[in-house]
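What follows is a set of notes on a single structure, which appears directly below.
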Amino acid sequence: MTHNHSSKAIRQYIEDQEHRFLEELYSLLRIPSVSSQSEHRPDMEKCADRWRELLLESGFESAEIYRTKGHPVVFAEKRYNEEAPTVLVYGHYDVMPSEPLEEWKSAPFEPEIRDGLLYGRGTDDDKGQTMTQVKGFEIADRLGLLRCNVKVVLEGEEEIGSVNLKDFCKEYRDLLKCDLILVSDTSMIATDIPSVTVGLRGICYWELEVKGPNRDLHSGKFGGAVTNPLNALCQIIAGLQDAEGRITIPGFYDDVVPLDPKEREMMARIPFDEEEFRRDLGVSDLSGEAGYTTMERKSGRPTLDVCGIYGGYTGEGAKTILPSKATAKVSSRIVANQDYKKIQRAFTDYVKAIAPSGVTVTVRELEGGSPYLFDIHHPAYRVAEEAMEAAFGVKPLATRSGGSIPIISTLEEVLGAKSILLGFGLNSDNIHSPNESFPLECFRKGIETVAEFYARFNHE
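Everything in the sequence shown is counted per the numbering used here, starting at 72 for the first residue and increasing by one.
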């Protein structure tokens, strides 16, 4: 079947089966699978079981529920042949709490369509997006377009940090073995400007404590004679970046992968009004690392920010003291190929090296996660690009997200495969907030994109 004929058949299948697709999605959305709330544990079991049923009905040969120390994992498989490559689809069936309930215009767990948008908790994140993957597979399978093995792993703990998934992946590494990971849990620029997320930043987070004298001191009697921990902390923080916005930690940039010229060209085509961005934030100017655009700085370059600083007297009126200690919370968003453990050590060593005498510095590592980058020259990216163009009618742009999804790098590390983030949500979908929604157009075209992906993958 040629691509033109297969595309027509795919669209016809979606048109004929859309009502069924939505009813199946509704059956999931009506289950309040809130992983963070213990009273919903039975709902987690119910949702996992419903997914198992739907996966079998969609054409997977086997679908099983695996127990973990927390919520269960659902695994399904369709074998094409042993010589063909294997795609692993990752998604999650847990959702965020729906509170505050009074801000919802319709019941969070009773799906409702208004003005072309499907409302309800999980419509985008991630039940609706996972359904695009499952139904796209179903279409490719039923139309005889599938030329690869497909596996699906759905976890119930993404919204609480995927606390048991890494151990599950290690224990069942052979079961999950694959050549490529497909994920639909991100967003695109717009329905008329589709995009493929090719980069996520990793994260490092520290608590930095500076101790001086064994008690708060009178600033008149002791000021000028004893190092002030708050002054010292500010001095340390000021020394972490230079006037050009570059981070001064030795070796910090050693492993950074430069932005690809083709990717920079695509980033420049993303609609972005700096003045409107500045006005919306209420700031007089924008700043950052010299030599990069705002869009590049907030998604494709590493950063370092003080997230909180406290110490001394902060109450009403004046209290003239020299505080005994001061604390700061500091985070860094890192990019490929940076190793968060290496950056954590380098930060600690540097902070202690530049600290003035008379104080003791303690650094606590609170969080760490690896970055993600997919090579836009990889053959699978071209397949994803062609699939999305076939569905949306325009070639997608490669974009990077400034945020972090540590589980992606965990999957890649444990399974040794690269991931393509084919997300179909929009920034306006209010994920994690009241009135979460998912445009029906994104639902339809997401399914079409996935089917088109399978129609092209391993066919050349």
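From the three backbone atoms N, C-alpha and C, an ideal C-beta is built for every residue, glycine too.
One or two residues paired with residue i in a DSSP bridge
{"i": "Ala-469", "result": "Val-267"}
{"i": "Arg-435", "result": "Glu-278"}
{"i": "Val-105", "result": "Val-166"}
{"i": "Gln-306", "result": "Gln-306 is not bridged to any residue."}
{"i": "Gly-199", "result": "Gly-199 pairs with nothing; no bridge assigned."}
{"i": "Ala-417", "result": "In DSSP, Ala-417 forms no bridge with anything."}
{"i": "Asp-376", "result": "Ser-402"}
{"i": "Ser-133", "result": "Glu-148"}
{"i": "Phe-509", "result": "Leu-189"}
{"i": "Glu-183", "result": "Tyr-190"}
{"i": "His-289", "result": "Ile-392"}
{"i": "Thr-262", "result": "According to DSSP, which records beta bridges pairwise, Thr-262 is partnered with nothing at all."}
{"i": "Lys-241", "result": "Per DSSP, none; premise fails for Lys-241."}
Local Cβ density within 10 Å of residue i, reported as buried at 16 or more and exposed below that
{"i": "Pro-450", "result": "exposed"}
{"i": "Leu-172", "result": "exposed"}
{"i": "Lys-489", "result": "buried"}
{"i": "Asn-285", "result": "exposed"}
{"i": "Val-354", "result": "exposed"}
{"i": "Thr-73", "result": "exposed"}
{"i": "Pro-103", "result": "buried"}
{"i": "Gln-409", "result": "buried"}
{"i": "Gln-83", "result": "exposed"}
{"i": "Asp-325", "result": "exposed"}
{"i": "Val-465", "result": "exposed"}
{"i": "Glu-347", "result": "exposed"}
{"i": "His-90", "result": "exposed"}
{"i": "Asn-299", "result": "buried"}
{"i": "Ser-441", "result": "buried"}
{"i": "Leu-497", "result": "buried"}
{"i": "Glu-154", "result": "exposed"}
{"i": "Arg-185", "result": "exposed"}
{"i": "Gly-362", "result": "exposed"}
{"i": "Ser-428", "result": "exposed"}
{"i": "Cys-378", "result": "exposed"}
{"i": "Asn-220", "result": "buried"}
C-alpha gap between residue i and residue j, whole angstroms
{"i": "Phe-343", "j": "Ser-475", "result": "21 Å"}
{"i": "Phe-146", "j": "Lys-222", "result": "7 Å"}
{"i": "Ala-397", "j": "Lys-390", "result": "16 Å"}
{"i": "Thr-319", "j": "Asp-351", "result": "30 Å"}
{"i": "Met-115", "j": "Glu-181", "result": "17 Å"}
{"i": "Thr-365", "j": "Ile-260", "result": "16 Å"}
{"i": "His-500", "j": "Val-297", "result": "The amino acid occupying residue 500 in the given sequence is Asp; His does not appear at that position. Rounded to the nearest angstrom, the two C-alpha atoms are 54 Å apart."}
{"i": "Tyr-97", "j": "Ile-264", "result": "28 Å"}
{"i": "Leu-511", "j": "Asp-313", "result": "48 Å"}
{"i": "Val-422", "j": "Tyr-384", "result": "24 Å"}
{"i": "Val-432", "j": "Cys-305", "result": "13 Å"}
{"i": "Ser-402", "j": "Lys-369", "result": "14 Å"}
{"i": "Leu-357", "j": "Arg-349", "result": "7 Å"}
{"i": "Tyr-243", "j": "Ser-133", "result": "16 Å"}
{"i": "Asn-75", "j": "Cys-513", "result": "21 Å"}
{"i": "Gly-473", "j": "Val-485", "result": "23 Å"}
{"i": "Leu-444", "j": "Ala-407", "result": "6 Å"}
{"i": "Glu-94", "j": "Phe-323", "result": "51 Å"}
{"i": "Asp-245", "j": "Lys-149", "result": "15 Å"}
{"i": "Gly-207", "j": "Thr-201", "result": "10 Å"}
{"i": "Leu-28", "j": "Asp-420", "result": "No answer is possible for residue 28: it lies beyond the span of the chain, which begins at 72 and ends at 531."}
{"i": "Tyr-411", "j": "Leu-288", "result": "38 Å"}
{"i": "Leu-375", "j": "Arg-404", "result": "7 Å"}
{"i": "Lys-241", "j": "Ile-136", "result": "17 Å"}
{"i": "Lys-280", "j": "Gly-191", "result": "It should be noted that the sequence gives Glu, not Lys, for residue 280. Each residue's Cα considered, the two are about 43 Å apart."}
{"i": "Asp-120", "j": "His-111", "result": "14 Å"}
{"i": "Leu-188", "j": "Pro-143", "result": "30 Å"}
{"i": "Cys-249", "j": "Cys-118", "result": "25 Å"}
{"i": "Tyr-452", "j": "Asn-529", "result": "13 Å"}
For residue j and residue i, believed in contact at Cβ under 8 Å, the rounded distance
{"i": "Pro-394", "j": "Gly-386", "result": "Pro-394 to Gly-386, Cβ: 13 Å. No contact."}
{"i": "Ser-107", "j": "Pro-168", "result": "6 Å"}
{"i": "Glu-183", "j": "Arg-435", "result": "At roughly 46 Å, the Cβ-Cβ gap does not stay under 8 Å, so Glu-183 and Arg-435 are not in contact."}
{"i": "Val-205", "j": "Ser-129", "result": "5 Å"}
{"i": "Ala-399", "j": "Ile-425", "result": "Rounded, the Cβ-Cβ distance is 14 Å, inconsistent with contact."}
{"i": "Asp-87", "j": "Glu-507", "result": "No, Asp-87 and Glu-507 are not in contact; Cβ-Cβ is about 28 Å, not under 8 Å."}
{"i": "Glu-32", "j": "Val-166", "result": "Any answer about residue 32 is impossible in this case: the structure gives the chain only from 72 up to 531."}
{"i": "Lys-198", "j": "Leu-100", "result": "6 Å"}
{"i": "Thr-470", "j": "Thr-268", "result": "6 Å"}
{"i": "Glu-367", "j": "Met-338", "result": "6 Å"}
{"i": "Ile-447", "j": "Asp-331", "result": "6 Å"}
* Asked: Can we say the stretch 481 to 494 touches the stretch 228 to 240, given the rule of at least three CB pairs closer than 8 Å?
  -> yes
* To do: Decide if the stretch 516 to 527 is in contact with the stretch 455 to 464; the criterion is three or more beta carbon pairs, one per stretch, under 8 Å apart.
  => yes
* Asked: Is the number of C-beta pairs between the stretch 406 to 420 and the stretch 287 to 302 that are closer than 8 Å three or more?
  -> no
* Asked: Three or more beta-carbon pairs under 8 Å between the stretch 253 to 260 and the stretch 146 to 162, yes or no?
  -> yes
* Asked: Quick one: any contact between the stretch 267 to 276 and the stretch 211 to 220, if contact means 3 or more CB pairs under 8 Å?
  -> no
* Asked: Is it true that the stretch 508 to 521 meets the stretch 303 to 315, where meeting means three or more beta-carbon pairs spaced less than 8 Å apart?
  -> no
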